[in-house]
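Numbering-wise (our numbering), the sequence shown opens with residue 447 and increments by one. Built from N, CA and C at the ideal position, the CB exists for glycine as well. Presented below is the structure to which this report refers.
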Amino acid sequence: MKDNTLINNTVIHVIYSALVGIGLPFAANASSTIQNAVDLWTLNGQNFSSLKACSMQNELKKEQLFVYADSSCVISDLAAYTLLKECVSTPNIDRVSILDVISEKTYLSFDVSAKTCQYLAAQLDTAHAKLAATYAKTKKGYVIQFYSGDKEPASILGRCAEIPLYQHVEDNTFYLVSEAYERYSEAKQLMNSINEKCQNIDTWIRPVSITQF
């Protein structure tokens, strides 16, 4: 099982940009690694805007997650997103494989470990340091996201969390989120508590501008 100690002690600063990163899905080859994917995601602005148009299916087999993606997905963005999500979640996934949904050809396969999580955290911290001056006047925060989709979430969704939830609509996509927290560690602690209460709901932390929600 992966060791999350390094990540739990690291405040991950993500600068969430409204600009869509420009990038094409990279083809799988012998030299493609999760480090390459994270680097490309970083070059494209460290945002997950492309995933709004990404159609994917997840399948869990023991401690390995298989993500089946179609041609609309930017693999570097999808890989970075999946790694980030697993690094901050309760340890249960050791390895991720991203495959083509039609041919089942593997685009990328990587371990979720202290090493890969630490590499991702280092890229996030480096980018934050470079952009801190530019974004100093823009207050950032973190929300716990319960839902995103093209239809309104069910009215009972998230009640088990026992916290106020807010519906937000952006670019014809519905979101169900918590209030915004200034510190990542606050959102992380609350998400862990919610995951214990709501074991059938998939939650994750989303960096936002405080004014965005």
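Inspect the beta-carbon positions of residue i and residue j and report whether they are closer than 8 Å.
i	j	result
A525	I480	yes
G595	V654	no
D523	S549	no
L417	F512	Limits of the chain in this structure are 447 at one end and 659 at the other, which puts residue 417 out of reach.
Y612	V484	no
D540	E505	no
F592	L622	yes
K634	V534	yes
F620	E642	no
Using the three-state DSSP reduction, which class does residue i fall into: helix, strand or coil?
i	result
M447	Here the model assigns M447 a pLDDT of 47, short of 50, so the residue's position is not dependable, and the following value carries that caveat. DSSP places M447 in coil when its eight states are reduced to three.
E403	With the chain covering 447 to 659 only, the question about residue 403 has no answer from this structure.
R605	helix
L570	helix
I468	Reliability of the predicted coordinates at I468 is poor, the pLDDT of 28 falling under 50, and the value obtained from them is presented with this limitation in mind. In the structure shown, I468 sits in coil (DSSP, three-state: anything other than H, G, I, E or B).
L622	strand
S639	helix
I651	strand
S594	strand
Using the beta-carbon count (16 or more within 10 Å), is residue i buried or exposed?
i	result
D648	exposed
C606	exposed
I602	exposed
T562	buried
L489	exposed
V589	buried
N618	exposed
A568	exposed
S639	exposed
Q645	exposed
Assuming residue i and residue j are in contact, meaning their beta carbons sit under 8 Å apart, how far apart are those beta carbons, in whole angstroms?
i	j	result
K531	W650	5 Å
S543	S518	That belief does not hold up - the Cβ atoms of S543 and S518 are roughly 19 Å apart, past 8 Å.
S631	I609	That pair is no contact at about 17 Å.
S494	Y527	For clarity, residue 494 is Phe in the given sequence; the question names Ser instead. Indeed they touch by this definition, with Cβ atoms about 5 Å apart.
V547	Q492	About 26 Å; that fails the 8 Å criterion.
I'd like to know if residue i contacts chain B, where contact means its C-beta is closer than 8 Å to some C-beta of that chain.
i	result
S496	Considering every chain present, this structure includes no chain B. It has just one protein chain.
What are the start and end residues of each continuous beta strand (DSSP E) run of 3 or more residues lying completely inside the stretch 494-558, in chain order? 502-507, 510-515, 541-546 and 552-557
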